[in-house]
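**Student:** All residue numbers for the sequence shown refer to the UniProt record's numbering, where the first residue is 1 and numbers rise by one.
Glycine is no exception: its CB is placed at the ideal position from the N, C-alpha and C atoms.
Got a structure here, written out as structure tokens. Questions coming.
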Amino acid sequence: MESVISNNYILKNGVSIKNRILKSAMSEALGNHQYLPTEGLYRLYEQWADGGTGLLITGNVMIDRKALGEPRNVVVEDDKVLPFLEKWAEKGTKNNTQLWMQLNHPGKQAFKGAVKESVAPSAIPFEGKISRFFHKPREMKKEEIVDSIKRFGYSALLAKKSGFTGVQIHGAHGYLISQFLSPRHNQRKDEWGGDINGRMKFLIEIYREIRKQTGESFPISVKLNSADFMKAGFTEDESIYTALMLEKEGVDLLEISGGTYESSPMAKMNQKSSTKIREAYFMDYAEKLRQTVKIPLCVTGGFRSVTGMENALNSNAMDFVGLARPLAIYPDLPNLFANQSINEIRIDQRKTGIRFIDELGMLEITWYAQQLRRLAKGRKTRPQYPVIFSFLQALAKNGKEIFIKQRSGI
Ligand SMILES: Cc1cc2nc3c(=O)[nH]c(=O)nc-3n(C[C@H](O)[C@H](O)[C@H](O)COP(=O)(O)O)c2cc1C
1 MESVISNNYI LKNGVSIKNR ILKSAMSEAL GNHQYLPTEG LYRLYEQWAD
51 GGTGLLITGN VMIDRKALGE PRNVVVEDDK VLPFLEKWAE KGTKNNTQLW
101 MQLNHPGKQA FKGAVKESVA PSAIPFEGKI SRFFHKPREM KKEEIVDSIK
151 RFGYSALLAK KSGFTGVQIH GAHGYLISQF LSPRHNQRKD EWGGDINGRM
201 KFLIEIYREI RKQTGESFPI SVKLNSADFM KAGFTEDESI YTALMLEKEG
251 VDLLEISGGT YESSPMAKMN QKSSTKIREA YFMDYAEKLR QTVKIPLCVT
301 GGFRSVTGME NALNSNAMDF VGLARPLAIY PDLPNLFANQ SINEIRIDQR
351 KTGIRFIDEL GMLEITWYAQ QLRRLAKGRK TRPQYPVIFS FLQALAKNGK
401 EIFIKQRSGI
């Protein structure tokens with residue numbers, strides 16, 4: 001690769017990332033019934049590590065088995081998981097690839113089929129069409145908040161012990177941390193709520209606990225929303241302020257994304273002509289953010305061509321290009337870019353054309369999750385696979401449960 005994409009990047013702790021492509025988290029749901037990693041997961045990560053990506057962020061791994069996002073998540077909460085994580089880390093770090101584990105607690109954004117009850121900063125249920133997929137949450141007790149913080153730290157320690165080269169805290173997309181950040185979802189009157197400093201405390205304390213447990217030189221990233229795109233939600237100004245505080249704390253890499261299950265901006269933004277030209281959904285925000293913080297930045301969402309990625313990197317607004325869906329179809333995309341066998345990929349929106357199915361919004365994710373499962377089984381992906389077949393296949397296999405088993409795509 002002669003392009004800027006192939007330049008390596010050295011973090012402040014000296015860790016070197018061999019190029020500027022970051023595989024963004026994609027929930028694999030490839031754990032077994034004890035929530036342990038499986039052979040399929042190792043096979044999938046070996047393909048990504050062989051495919052030339054510099055930094056692989058895993059799909060979200062849960063810190064508490066009572067708080068799954070979906071069935072078959074991997075849970076890291078005790079050292080029984082270590083031998084399985086070691087195998088995963090061995091495959092995912094091949095070819096000098098960085099492998100960082102994304103840690104998550106879903107809060108109230110846990111599908112009914114996955115949890116008995118759900119918790120949130122405040123007992124505020126989701127509104128609108130999606131509310132039927134989720135329990136009405138219970139407000140977290142103070143001791144539960146402290147317990148969650150400790151769990152994030154301990155899971156990170158287990159990741160480090162087993163050979164993962166870093167971790168990422170999932171602070172985006174409407175999960176528990178993002179619920180704490182949002183004034184719409186966090187209406188607590190104690191020190192964990194109130195103004196942005198109070199709402200940010202949960203995230204900051206998680207970062208500090210992970211740092212305490214893993215040491216000064218272990219890379220810690222945060223995935224943060226540029227905004228929730230919700231009325232009375234987490235705003236862009238609050239996001240910039242949070243990023244500034246995270247930089248002061250010493251976070252090594254910030255990944256920018258946006259939206260929640262209640263409001264996914266991606267479909268809409270994809271249609272904006274300025275976004276189409278620049279590809280990335282959150283580029284304008286990154287440019288603003290760059291004026292405030294110097295922390296290494298990754299922007300994720302919408303990148304599809306070498307030119308789009310090079311322009312974004314050359315603008316100096318960001319340091320890494322985050323890719324998710326393209327790498328679910330082409331796990332070796334960075335190598336294909338490097339040897340110039342592909343310069344651009346087209347990713348159509350996965351729709352059946354049948355309105356009531358498309359409106360459920362779950363299909364896109366079902367389609368991509370099926371591609372990941374093909375790779376996990378050692379099969380080739382099927383970029384042209386018709387979305388209606390994917391829907392019928394999922395329906396035949398899981399019945400109506402597919403709508404509660406699969407996530408909405410972010
Ligand atoms: C199948 C699938 C699963 C996903 N799971 C996660 C996840 O576990 N954690 C997360 O932060 N984002 C998750 N995402 C969102 C992606 O990381 C990314 O932010 C989004 O797909 C936009 O990037 P793209 O346009 O390159 O696909 C998922 C996306 C897909 C398609």
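Name, in chain order, the residues that DSSP records as bridge partners for Gln-371.
**Tutor:** Residue 371 sits at position 371 when you count from the first residue of the sequence shown. Paired residue(s): none; Gln-371 is not in a bridge.
**Student:** Can you tell me whether Ile-410 is buried or exposed? The criterion is at least 16 other CB atoms within 10 Å of its CB, across all chains shown.
**Tutor:** As a working note, residue 410 is residue 410 in the sequence shown. Any answer about Ile-410 is weak, because its pLDDT of 43 lies below 50 and its placement is not dependable; what the coordinates show is given next. Buried is the call here.
**Student:** According to the neighbour-count rule (16 or more other Cβ atoms, all chains shown, within 10 Å of its Cβ), is Asn-8 buried or exposed?
**Tutor:** One-based indexing of the sequence shown puts residue 8 at position 8. Flag for Asn-8 reads exposed.
**Student:** Under the assumption that Gly-128 contacts Glu-236 (Cβ atoms under 8 angstroms), give the Cβ distance between them as a whole number of angstroms.
**Tutor:** Translated into positions along the sequence shown, residue 128 becomes position 128. Translated into positions along the sequence shown, residue 236 becomes position 236. Going by Cβ atoms, the distance from Gly-128 to Glu-236 rounds to 23 angstroms, so no, they are not a contact pair.
**Student:** Measuring CA to CA, which of Ala-25, Arg-373, Lys-201 is closest to Gly-301?
**Tutor:** For the purposes of this step, residue 301 is taken as residue 301 along the sequence shown, with counting starting at 1. Closest option to Gly-301, Cα to Cα, is Ala-25.
**Student:** Spell out the partners DSSP gives Met-230 in its beta bridges.
**Tutor:** By one-based count along the sequence shown, residue 230 stands at place 230. The partner list for Met-230 (beta bridge, DSSP) is empty, contrary to what the question assumes.
**Student:** Identify whether Ser-178 lies in helix, strand or coil by the three-state DSSP scheme.
**Tutor:** Indexing the sequence shown from 1 puts residue 178 at position 178. Residue state, collapsed to three classes: helix.
**Student:** Quick one: what's Glu-255 bridged to in DSSP?
**Tutor:** Position 255 of the sequence shown, counting from 1, holds the residue named residue 255. Checking the DSSP bridge columns, you'll see Glu-255 partnered with Lys-223, Cys-298.
**Student:** Just to confirm, does His-185 get its C-beta within under 7 angstroms of one of the non-hydrogen atoms of ligand 1?
**Tutor:** The residue labelled residue 185 in the question sits at position 185 within the sequence shown. No, Cβ of His-185 sits at least 7 angstroms from all heavy atoms of ligand 1.
**Student:** Would you say the beta carbon of Leu-363 comes nearer than 7 angstroms to a heavy atom of ligand 3?
**Tutor:** For the structure depicted, ligand 3 is absent and the ligand set comprises only ligand 1.
**Student:** Nearest CA to the CA of Ile-388: which residue from Thr-366, Lys-380, Arg-374?
**Tutor:** The sequence position of residue 388 within the sequence shown is 388, counting from 1. Cα-wise, what sits closest to Ile-388 is Thr-366.
**Student:** Exposed or buried, which one is Gln-34 when buried takes at least 16 other CB atoms within 10 Å?
**Tutor:** Here residue 34 corresponds to residue number 34 of the sequence shown, with the count starting at 1. Exposed, since its Cβ has fewer than 16 Cβ neighbours within 10 Å.
**Student:** Could you name the residues of the same chain whose beta carbon sits closer than 8 angstroms to that of Arg-138, not counting the 5 residues immediately before and after it, in chain order?
**Tutor:** As a first step, residue 138 must be located in the sequence shown, where it is residue number 138. Closer than 8 angstroms at the Cβ level, and outside the excluded window around Arg-138, lie Glu-117, Ser-118, Val-119, Ala-120, Ala-123.
**Student:** At which residue ranges does the region 139-193 contain complete beta strand (DSSP E) runs of 3 or more residues, listed in the order of the chain?
**Tutor:** 166-171
**Student:** So, helix, strand or coil for Ser-239, using DSSP?
**Tutor:** Counted from its first residue, the sequence shown places residue 239 at position 239. The answer is helix: DSSP assigns Ser-239 an H, G or I state.
**Student:** Between which two residues does the beta strand (DSSP E) containing Gly-322 stretch?
**Tutor:** Along the sequence shown, read from residue 1 onward, the residue named residue 322 stands at position 322. DSSP places Gly-322 in the uninterrupted beta strand (DSSP E) bounded by 320-323.
**Student:** Between the alpha carbons of Lys-223 and Gln-393, how many angstroms are there, rounded?
**Tutor:** For the purposes of this step, residue 223 is taken as the residue at position 223 of the sequence shown. For the purposes of this step, residue 393 is taken as the residue at position 393 of the sequence shown. Lys-223 and Gln-393: Cα-Cα distance of roughly 33 angstroms.
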